[in-house]
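Protein chains in written order, with this note's numbering: chain B, 7 to 325; chain S, 71 to 319. Cβ atoms here follow ideal geometry from the backbone N, Cα and C, with glycine treated the same way. Accompanying notes for the structure given below.
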C-alpha cells in the first residue's frame, strides 16, 4: 500500500469575533488505503473534507489525530522522507503567474536535487510530455487554464514521484481539456505512478478511477470500485413524479423486483435490476393502485445514487 | 540549506531582471525629493549651501526607499498564499527558511542598487562622497532592508489580506518617517520628540547615515545602527519563517 491512513482527524479553530473561537471539524476519522499503481479518487461535495485529507497526507497540514503512512513513511514523524517521494498539485495550481513556466519548472527540479544540467534535461522531458515546449518561455499569466494546469502537473512530477496528489485537477477546465487531462492521468498510471485525486464530479470518479471513497461531512461513507458501489444500489433507477408520493413509495417498496425506494424532493427514485423488463410491471402496479404518473424515466444507476443512498441527499444538492 | 537559499535568490533575481521597471519607479520618489525638496533646505544649514543640505537630507531619502520599498515587499507573498505557490513549496523538498531568505536577500540587493542610483544623483548635484562612505552606506541600507523586508513578509503571512496589510503599513509609515527625522533632523525639534525618536529603529539608521555622509566614520551612531539592525533583522526573519508554518492552519 502506498497510502495507509487510520482515523485521520483535523479540527481547525476558527476565530469568530473577539475572544470567541469555534471548532470546525473538517475531517472526522478517515481511513484510506491506496495500492501502488492505482488511480484512487476521493469523491464528495465541496466542504466534505477532501482537500484537508489530501493536505494531511501530503504533509502540509498536521493531523489532529490519527496516523498515516505515505510511500512507507509516517507523514508527521518522517515528513521530509515523504516529501521526497510525492508530487502535490493543489487546487490553486501553485505556478508563479508572473514568471515563465519554464523557470518554475527549473526551480522545482533544482530544489529536488537536480544539477543545472539534469534540471534542464528533466524540464525538457516534461515540457515535451505535456506539449508545453512551445509556450515554456511565456509568462504563465498569459496561458489558458488548461495550459496552466499542465504546467502544474509537470512541476508536480519533476522529482519522478511514485505517488502524486491531484486536488480537484479538472475543476474549471473545459470538456476538451478535461478529457486530455484524464488521458494524462491514465498515462501516469500506465507508467506505474499511483494517483490520489479528489473530485466532486461523478463522471470523473466513474470514468477515471480504479477505486474510490465517497467522503461526506469529514467521513468516508463508502469505499470500493465504482462498479461495486453501483451494484450495491442496483443496476437501474426509475425516476417518477407523481402527486401522492407517500402512497406510491409504499406501493413500490412492496413490489418484489424493487430493491429500494428513495424520496428526493418531489420525485421518487426506485432502484431495480433489469429495468427494461421490469418497467411494464411497475407501470401496471401503479395503475392498479390508482396513482397517476406525471413523468417517468429509466436510467442506469450512477455514483450519485450511491451517494444518495449513503447520505440521504444527492451530490448535486450537497454542495 | 545554502544551496536552496541561492536557488530561490536566483529565481527572484530572474523575475527582477525580466521586469526591471518596478525598482526604477521605487527610486523616483527619493530622486524627486532630492531635486525638488533639498534646495528648500539650504536655509536650515549653517553655510546655506546645497551641498550641506544634500549631506543632511540624502541619507533620509535613502532610508525612505529602505522603509517604503521593503515594507511593501510582502504584498507579492500574500498572493502566493492563495495561488498555491507557498503550499507547493511547503511540501516540496525545499528548506523552508530559504523560501523567505531568498526573497529577503533579493530585496536587499535591489535596495543596494537603488541606493547606488540615488547616491549617484546626489553626486551629480554636487555632493562629494568617499568610497568608504559609499560602501558603509550600502551595507547600512542592506541591514535596514533585512529588517524591513523580513517584517513585511512576516506581516504578509500573518495578515494574508492586501487591504489589511496596506492599512497597517500606511498607519506606521508616516510616524516612522517623521520620527526618524528622514525629512528634517529630529534634533531641530523639542525634547519630547527627540525622546520619542529613540524608540524608532529607523532613527538610528538615519543618524548613522548622516554621520557617514558628513565623513564622521568613527561616529558612535554607526556601530549602534548596524548592531541594532542585525539583531532586529534576525528576529524579524525568524518570525516570518515561523509564520510560514501557520499557512497550514
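Around the CB of residue 323 of chain B, fewer than 16 other CB atoms lie within 10 Å, so the residue is classed as exposed.
Taking a Cβ-Cβ threshold of 7 Å, the residues of chain B close to residue 81 of chain S are 109, 113, in chain order. Selection B/147, B/177, B/106, B/14 evaluated against residue 95 of chain B yields B/177 as nearest (Cα-Cα). Annotated three-state conformation of residue 95 of chain B is strand, per DSSP.
In this structure, residue 47 of chain B lies near residue 203 of chain B, with their beta-carbon atoms less than 7 Å apart. Across the stretch 76-94 of chain B, CB contacts with chain S closer than 8 Å involve 86, 89, 90, 92, 94, in sequence order along the chain. For residue 232 of chain B, the closest alpha carbon among the candidates B/75, B/164, B/313, B/100 is that of B/313. Rounded to whole angstroms, the Cβ separation of residue 287 of chain B and residue 241 of chain B is 16 Å, and the two are not in contact under 8 Å. Taking 8 Å as the cut-off between beta carbons, the residues of the stretch 38-69 of chain B near chain S are 61, 64, 65, 66, 67, 68, in sequence order. Considered as a whole, the stretch 83-169 of chain B harbours 85-90, 107-117, 122-135, 151-162 as its complete alpha helix (DSSP H) runs of no fewer than 4 residues, in chain order. Separation of residue 170 of chain S and residue 275 of chain B (C-alpha to C-alpha, rounded to the nearest whole angstrom) is 56 Å. For residue 21 of chain B, the beta-bridge partners assigned by DSSP are B/27. In the three-state reduction of the DSSP assignment, residue 16 of chain B falls in the strand class, which pools E and B. By the Cβ criterion, the stretch 19-39 of chain B is not in contact with the stretch 179-188 of chain B, since fewer than three pairs of Cβ atoms, one from each stretch, lie closer than 8 Å. The beta carbons of residue 271 of chain S and residue 307 of chain S sit about 15 Å from each other, so the pair does not count as a contact at 8 Å. Contact of residue 117 of chain B with chain S is assigned, a C-beta pair being separated by under 7 Å. The beta carbons of residue 59 of chain B and residue 126 of chain B sit about 36 Å from each other, so the pair does not count as a contact at 8 Å. Taking the beta carbon of residue 311 of chain S as reference, no residue of chain B falls within 7 Å; the closest one sits roughly 16 Å away. For residue 237 of chain S, the enclosing alpha helix (DSSP H) covers residues 232-249.
Excluding five sequence positions before and after residue 222 of chain B, the CB atoms of its chain that fall closer than 8 Å to its own CB belong to 50, 51, 54, 313, 316, 317, 324, given in chain order. Short of 6 Å from the beta carbon of residue 264 of chain B, and not among the five residues preceding or following it, lie these beta carbons of its own chain, in chain order: 258, 276, 278. Contact of residue 96 of chain B with chain S is assigned, a C-beta pair being separated by under 7 Å. Residue state for residue 222 of chain B is assigned as strand, using DSSP reduced to three classes. The Cβ atoms of residue 158 of chain B and residue 107 of chain B lie no closer than 7 Å to each other. DSSP places residue 303 of chain B inside the beta strand (DSSP E), whose first and last residues are 299-306. By alpha-carbon distance to residue 238 of chain B, the top candidate from B/215, B/254, B/266, B/245 is B/266. Closer than 7 Å at the C-beta level to chain B, one finds these residues of the stretch 145-178 of chain S: 152, 153, 154, 155, 157, 158, 160, 161, 162, 163, 164. At a cut-off of 7 Å between C-beta atoms, residue 173 of chain B does not count as an interface residue with respect to chain S. Under the Cβ criterion of 7 Å, residue 102 of chain B is counted among the residues facing chain S.
Residue 64 of chain B carries a coil assignment under DSSP once its states are collapsed to helix, strand and coil. Between residue 99 of chain B and chain S, the shortest Cβ-Cβ separation is below 7 Å. Taking C-beta atoms under 8 Å as the contact rule, residue 93 of chain B and residue 171 of chain B qualify, at a distance of about 7 Å.
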